[in-house]
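**Student:** Below is the structure I would like to discuss, written out as structure tokens.
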Amino acid sequence: MTTVSYREIYAVVSRIPRGRVATYGQIARLAGIPGHARQVGYALGRSDGQGPVPWHRVVNAKGMISPRADGSWMELVQRLLLEGEGVIFDEHGRIPLSRFQWRPAS
DNA sequence: CCACTGACGAGTG
DNA sequence: GCACTCGCCAGTG
């Protein structure tokens, strides 16, 4: 299939374990739509509070929290939630993916 | 039904 | 490492 409902994306995001993070591109691949990282971002933006989706565990490929269009406070909330789970940010505001990126059970 | 709206990523210079 | 380009698509009003 080449189409994806946002629902499918939320399902994948929901699998991210506590204390780990995943990238948009990674979620897209796991959802079966490689190359559609953007759609993942759009979907999460819409989920915002809609359900038990750990949206805060998704960051961009640089390991940074993606800036919201509206300069929303959500960015700060996201960082606090992650730090609360033990995720560390370096001096550049980046999360060392080598250490915290979620690696689905092989 | 149509127009607009967004949390990205890989490649190139 | 930074600036820019291009490909990507489901929802909402």
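Whatever position you read off the first sequence (first residue = 1), add 137 for the working numbering. Ideal Cβ positions, reconstructed from N, Cα and C, are used throughout, including at glycine.
(1) Can you look up A174 in the DSSP assignment and give me helix, strand or coil?
(2) Under 8 Å by Cβ, that's how I've got R161 and V177 pegged, so tell me the actual separation to the nearest angstrom.
(3) Could you tell me the distance, in whole angstroms, from the CA atom of I232 to the CA atom of G188?
(4) Mark W210 as exposed unless 16 or more other C-beta atoms lie within 10 angstroms of its C-beta, in which case mark it buried.
(5) Take G230 and list the residues in its own chain whose beta-carbon comes closer than 7 Å to its own, dropping the five residues that flank it on each side.
**Tutor:** Looking at the coordinates:
(1) Note: A174 maps to helix in three-state DSSP.
(2) First, the residue type needs correcting, since residue 161 is Tyr and not Arg in the sequence shown. Taking C-beta atoms under 8 Å as the contact rule, Y161 and V177 qualify, at a distance of about 4 Å.
(3) So the two alpha carbons sit approximately 25 Å from each other.
(4) Around the CB of W210, fewer than 16 other CB atoms lie within 10 Å, so the residue is classed as exposed.
(5) A distance below 7 Å between beta-carbons, with the five flanking residues on each side excluded, links G230 to the following residues of its chain, in chain order: M201.
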